[in-house]
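Only one structure is covered here, and it is reproduced in the block below.
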DNA sequence: AAGTGGTCTAGACCACTCT
DNA sequence: GAGTGGTCTAGACCACTTG
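Residue numbers (the working numbering), protein chains in the order written: chain A, 8 to 257; chain B, 8 to 257.
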């Protein structure tokens with residue numbers, strides 16, 4: 008492979024209006040999405056990849072760096088380059104601060120119901136499926152010191168999440184996303200949280216131990232896998248008086 | 008300047024546990040903070056800077072890239088590298104969506120009062136000044152179609168903002184940060200918005216045309232200049248029912 | 001046409017991790 | 001010690017903007 012790039016003599020099928028590093032990055036991304044390297048695994052060394060793709064080391068570094076900034080990969084000096092697992096630090100508890108006591112640790116998880124239901128219009132739109140399609144619905148509470156802090160409804164598309172249907176609520180671990188990965192092979196790679204204000208209806212208010220009509224923050228989350236497909240829709244309610252969030256502008 | 012880097016024969020005062028590009032970046036940042044290149048101006052070409060610092064082009068690119076990612080500079084192919092001006096898209100209106108009508112455009116600004124006051128404890132802590140120090144306090148409404156949407160109280164340290172003290176409210180433009188830059192030489196480079204829930208007291212409720220005790224979102228903003236010094240403290244109230252915010256997790 | 005940033009090459013050595 | 005990513009060099013040519 009020469010370094011000459013005169014306007015004639017294109018190399019194979021090149022260039023298609025994209026930089027070489029961008030095309031290499033796209034190819035690497037596709038190989039991750041296709042499952043050639045799984046979450047948590049290392050991809051080949053940059054020198055090996057550079058040789059395999061017939062590009063200079065610096066070009067391969069640029070390609071990998073773009074994927075690191077995109078959140079797909081992470082690098083560790085001396086160890087390697089790894090496919091990022093499920094997102095972390097994404098707990099909806101980050102929007103609330105229930106006093107100083109145990110503020111560092113996440114509330115416990117308590118899955119209350121697991122049931123197959125018809126999606127309905129809103130859920131179907133969020134998950135990109137037909138309104139008549141079946142989905143798995145979880146009812147879940149987040150609890151600290153015996154107090155219910157968050158009330159969650161979670162919808163998961165079927166048959167992707169069928170392995171969870173047979174589980175009894177007590178079999179669910181404290182974190183859902185690792186369960187999605189282990190039981191269903193679903194890696195949650197990105198999530199969009201839509202925050203708004205609401206007042207509690209009688210049912211949710213009772214669960215949270217608050218009066219009906221109490222002010223609440225409502226978080227509607229759509230979560231996506233590596234390929235960008237929606238894999239979870241979730242609606243969470245918490246006491247508005249405990250709502251705290253910091254946004255930075257730069 | 009040679010490229011040899013054997014463990015003896017250090018070059019001048021080098022290396023201090025930092026990569027060369029990081030030290031170059033720090034030096035460039037300092038020169039911006041010191042005002043050698045002002046907001047909106049171009050800094051010298053990367054080739055000129057690389058020669059002046061005695062480093063390779065790639066090293067200078069890495070240094071500049073770090074400052075671009077840090078939000079201090081921005082690059083444009085064919086034009087140059089520029090010092091970023093005041094932050095944009097930081098309007099507190101982004102936390103609210105008052106229906107579809109005119110949702111794109113920002114509400115008008117209406118400065119109602121400009122007054123010198125004693126800071127007090129909360130404001131002094133936010134601005135990093137003495138509680139007895141004088142500050143300038145602005146009262147401001149954000150209005151659309153005759154309706155007051157946001158109620159704002161703004162505190163600015165003196166004597167830095169003294170040029171604003173003589174202005175009558177009608178002399179204030181629709182955007183404050185450009186005024187800070189033009190009249191006071193202050194570039195707002197970063198802001199932290201702390202969101203929480205509140206109920207409106209009688210005074211603010213009346214201003215917003217809402218009943219006392221109405222649910223509201225309270226945004227407490229601290230804004231910082233290029234050197235990281237706090238230059239503005241602001242508390243904004245808006246109707247909680249109009250609150251909408253989207254957060255992404257990756 | 002001149003000047004800018006953007007891409008790319010082909011090396012070298014350094015810092016770190018693991019065995 | 002072998003293998004990884006991190007830093008750095010010294011060029012070259014390309015794409016874009018401006019006078």
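From the three backbone atoms N, C-alpha and C, an ideal C-beta is built for every residue, glycine too. What you are looking at is a predicted structure, and each value in this text was computed from that prediction instead of being measured.
- Every alpha helix (DSSP H) stretch that sits fully inside the region 106 to 157 of chain B and reaches 4 residues is listed by chain position as 128 to 134.
- Between residue 253 of chain B and the set A/249, A/226, A/189, the nearest pair of CA atoms involves A/226.
- Going by beta carbons, residue 243 of chain B and residue 113 of chain B fall outside the 7 Å limit.
- At a cut-off of 7 Å between beta carbons, residue 90 of chain B makes no contact with chain A.
- By the 16-neighbour rule on beta-carbons within 10 angstroms, residue 73 of chain B is buried.
- Looking at the DSSP output, residue 201 of chain A bridges to A/227, B/253.
- Residue 240 of chain A has a beta carbon lying at 7 Å or more from every beta carbon in chain B.
- At least 7 Å separates the CB of residue 210 of chain A from every CB of chain B.
- Look at residue 203 of chain A: its C-beta is under 7 Å from a C-beta on chain B.
- Look at residue 41 of chain B: its C-beta is not under 7 Å from any C-beta on chain A.
- Under the Cβ criterion of 7 Å, residue 195 of chain A is not counted among the residues facing chain B.
- The beta carbon of residue 70 of chain B sits closer than 7 Å to the beta carbons of 28, 31, 32, 35 from its chain, once the five residues preceding and following it are set aside; these are given in chain order.
- Looking only at A/143, A/136, A/247, A/234, the smallest Cα-Cα distance to residue 45 of chain A is reached by A/234.
- Per DSSP, residue 219 of chain B lies in no beta strand (DSSP E) segment and is marked neither H nor E.
- Taking 7 Å as the cut-off, the beta carbon of residue 121 of chain A is found closer than this to the beta carbon of residue 145 of chain A.
- Contact of residue 255 of chain A with chain B is assigned, a C-beta pair being separated by under 7 Å.
- For the C-beta of residue 247 of chain A, the chain B residues within less than 8 Å are, from N- to C-terminus, 204, 222, 247.
- Counting C-beta atoms within 10 angstroms of its own C-beta, residue 222 of chain A has 16 or more neighbours from the protein chains shown and is therefore classed as buried.
- Counted as a single uninterrupted DSSP element, the stretch harbouring residue 237 of chain A is not any alpha helix (DSSP H) but the beta strand (DSSP E) occupying residues 237 to 246.
- Under the criterion of beta carbons closer than 8 Å, residue 173 of chain B and residue 198 of chain B do not qualify as touching, at roughly 26 Å.
- Inside the region 49 to 103 of chain B, DSSP marks whole beta strand (DSSP E) runs of 3 or more residues at positions 80 to 83, 87 to 90, from first to last along the chain.
- DSSP lists A/143 as the beta-bridge partner residues of residue 163 of chain A.
- Excluding the 5 residues flanking it on each side, residue 131 of chain A has same chain C-beta neighbours closer than 7 Å at 137, 138, 140, in chain order.
- Each residue's CA atom was taken as its position, placing residue 84 of chain B and residue 236 of chain A some 34 Å apart.
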